[in-house]
Each structure stands twice: as C-alpha cells, then as structure tokens.
Amino acid sequence: MAEQPTATLRRELAELDDRRKAMEAEMEGISEALRASNMGGVAGALVDRDGFP
C-alpha cells in the first residue's frame, strides 16, 4: 500500500527540521569558536594591525 501524501509530507518535514537543528548547532559552534579570546569574533578584523591574518 502506498504511503499517504500527508504521512510523506510529515516525514519530509521532520527530516528537514532535523537538518535545520543540526545546521543551527553547527553555526552556534562556529560562532563560539570565533568568539574565543584569541579570535576576532564575528565582526572583528581578519588581519592584525600589521596586515597578517
């Protein structure tokens, strides 16, 4: 018996929601790394005052 369209849609939406949550967790980890004391943060300079990265 074929899966009902509603069940298929719910499954696909649940999978997309899982992917969204994983991406948000990854972004938060990256943001935390950038906010570390020796990093420039998300808005800081990419090079130091001598022009070195």
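Per the working numbering, the sequence shown runs over residues 26 to 78.
Virtual Cβ for every residue (Gly too), placed ideally from N, Cα, C.
**Item:** DSSP three-state assignment for proline 30, whether helix, strand or coil
**Value:** Note: proline 30 maps to helix in three-state DSSP.
**Straight-line Cα distance separating glutamate 51 from glycine 66** = Roughly 16 Å between the two C-alpha positions.
**Request:** Kindly list the residues whose CB is nearer than 8 Å to the CB of valine 72, restricted to its own chain and excluding five residues on each side of it in sequence; keep chain order.
**Result:** Here valine 72 has Pro78 as same chain residues with Cβ atoms under 8 Å from its own Cβ, once five neighbours each way along the sequence are excluded.
**Message:** Measuring straight from C-alpha to C-alpha, what distance separates arginine 60 and alanine 32?
**Reply:** Approximately 42 Å, taken between the alpha carbons.
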